[in-house]
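The structure under discussion appears below in the form of C-alpha cells.
Number of protein chains: 2
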Amino acid sequence: MGLAKTEIFTDEQNQISVFAKAFGHPARVAILQHLFKIDTCFCGDLVKEIGLAQPTISQHLKELKYLGLIKGTVEGTSVCYCIDMDNWKEMKDIMTVFLGQDLLPKNECC
Amino acid sequence: MGLAKTEIFTDEQNQISVFAKAFGHPARVAILQHLFKIDTCFCGDLVKEIGLAQPTISQHLKELKYLGLIKGTVEGTSVCYCIDMDNWKEMKDIMTVFLGQDLLPKNECC
DNA sequence: CCATTTAATCGTTTTATTGCGATAAAATTA
DNA sequence: TAATTTTATCGCAATAAAACGATTAAATGG
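Protein chains in written order, with our numbering: chain A, 18 to 127; chain B, 18 to 127.
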C-alpha cells in the first residue's frame, strides 16, 4: 500500500524512522553537509552546489524544515538556511541510542 | 520521478542515504531492536512480535539482509536471524560521522 | 511418500517519493 | 510602477515502497 502502519509501533520506533527517512535521500544528506560546512546558505547556492532543479531543492528544504533540522530566515529576496542545532542534537541523541545497541553485552548466535 | 539521481552525489552521501533508508520504516527499526534484544530470532517470532503479515516481514528481512545488517541461517524448516555485528559497526561509524557534524566548531547564523 | 511447518516469492493494489516545467509570490532595484 | 531576482507552490509523470493474499519451496515428521 505504500503506507506504513505507524499505529502498531512505538513512538520511539516511529520517531527514528521519520528522522532516518529524512536522511534517506542523498540530496538531503548533501544539503545538510553543505549547511554544516558553510554555516549559512541561500537556496540558490544549493541549487548550484547540488545538481538538481530549484523546485526540487526547495522541496527537500521544506521537508528538512518540517522536521526542524534546518531553519530559514528571509533576507531580502532570498532565504538564508542553516542547521537548527538544538533540534539536531535532539535527533542525534535518539539516533545514537538506536545505533549504539551493539554496545549492550550479548552473545552472537548464528 | 521517484528515482534518486545517485550519480550526482558522492559515494559517502549515497551510502548514508541507503543505510538511512533501511531505518526509514518503523517495522525495520522494530525488527532490529528485537534482534538486539533477543540475540536470535526466527521469522515467525517477528511476525507475532510485530503485527504485520508474514510476507511483509519477510520482505523487510530481505532488505536488511541485502544491506548486510542482519544474517539468516537455516535451521530445519525455520531461519534464524541475527544482527551482523561487523557490518553494523561499519554502518555505525559512517552514520556517527554524519550525525557528529555539529561537533565541529562553527558560528550559528540566522 | 504424504502431511505439516516455516519461510520465500509472485502478483497486485495502494500510497509515497522524486523530479521538474510552469507559474505565482515576495522583496528589491531601476 | 515596471523589471528583476529569488524562492515557493502547483501539477504532472514516472518510479519506488508498503502491504498482503495466494502460491511455491524446503525441510521435517509420521
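All C-beta atoms, glycine included, are put in the ideal place defined by N, C-alpha and C.
| query | result |
| --- | --- |
| Tell me the DSSP secondary structure of residue 79 of chain A in three-state form. | helix |
| Select from B/33, B/20, B/54 the residue whose C-alpha is nearest the C-alpha of residue 114 of chain B. | B/33 |
| Against residue 122 of chain A, what residues of chain B qualify as contacts under a CB-to-CB distance less than 8 Å, listed in chain order? | Simply none; closest approach about 11 Å. |
| Hey, quick one: how far does the beta strand (DSSP E) through residue 90 of chain B stretch, first residue to last? | 87 to 92 |
| Could you check whether the Cβ of residue 30 of chain B sits closer than 7 Å to any Cβ belonging to chain A? | yes |
| For residue 68 of chain B, which of A/23, A/52, A/107 has the nearest alpha-carbon? | A/23 |
| Which residue wins for smallest C-alpha separation from residue 43 of chain B, given the options B/26, B/62, B/78? | B/78 |
| Quick check on this structure: which residue in B/35, B/31, B/27, B/46 has the alpha carbon closest to the alpha carbon of residue 84 of chain B? | B/35 |
| Name the DSSP beta bridge partners of residue 59 of chain A, please? | A/97 |
| Excluding the 5 residues flanking residue 61 of chain A on each side, which residues of the same chain have their C-beta closer than 7 Å to its C-beta? | 95 |
| Among B/104, B/101, B/108, B/97, whose alpha-carbon lies nearest the alpha-carbon of residue 75 of chain B? | B/97 |
| Going by C-alpha to C-alpha distance, which of B/70, B/117, B/28, B/111 sits closest to residue 107 of chain A? | B/117 |
| Is there a Cβ of chain B sitting closer than 7 Å to that of residue 46 of chain A, yes or no? | yes |
| Examine chain A for any beta-carbon lying closer than 7 Å to the beta-carbon of residue 103 of chain B, and answer yes or no. | no |
| Just to make sure I have the definition right: I need the residues of chain A whose C-beta is within less than 7 Å of the C-beta of residue 43 of chain B. Which are they? | 21, 23, 26, 30, 31, 34 |
| Quick check: the Cα distance between residue 55 of chain B and residue 72 of chain A, rounded to an integer number of angstroms? | 46 Å |
| Taking the CB atoms as reference points, tell me whether residue 26 of chain B and residue 47 of chain A lie closer together than 7 Å. | yes |
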